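**Student:** Before we start, here is the structure in question, set down as structure tokens.
Numbering (my numbering), first residue to last: 920 to 1015.
Spelled out as structure tokens, the structure:
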């Protein structure tokens, strides 16, 4: 299967639409806060783990050319380099 050519922005938009469309309600539970959810933006498949590395490997094993996007559960950023990661409120929604 050939990879779909998408810009980084379009990958992010698709990932957030998928996340808000159903994944969030399933994964945003107390035991998952701070973990990464990795989303295949072409199929909507997702996996959760502490760092996202194993989740990404598992999704790529199923679909080697998949466009993947990671979201840190309960936060508005995936990583912080020298800054502070702040929790988002439960009513936070991504906006285009």
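Glycine included, C-beta positions come from ideal geometry on N, C-alpha and C.
Since we're looking at a predicted model, the values are computed, not measured.
1) What number of angstroms, rounded off, separates the C-alpha of residue 920 from the C-alpha of residue 958?
2) Sorted by chain position, which residues of the same chain lie with C-beta nearer than 6 angstroms to residue 956's C-beta, five sequence neighbours on each side aside?
3) Report the partner residues of residue 994 according to the DSSP bridge assignment.
4) Is it buried or exposed, residue 996, if we count other Cβ atoms within 10 angstroms and call 16 or more buried?
5) Residue 971: buried (16+ other C-beta within 10 angstroms of its C-beta) or exposed?
**Tutor:** To lay it out plainly:
1) Bear in mind that the predicted position of residue 920 carries a pLDDT of just 48, short of 50, making it unreliable; the figure below should be weighed with that in mind. Taking the straight line from one Cα to the other gives about 18 angstroms.
2) Same-chain partners within the cutoff: 946, 965, 967, 990, 992.
3) Looking at the DSSP output, residue 994 sits in a beta bridge with 1006.
4) exposed
5) buried
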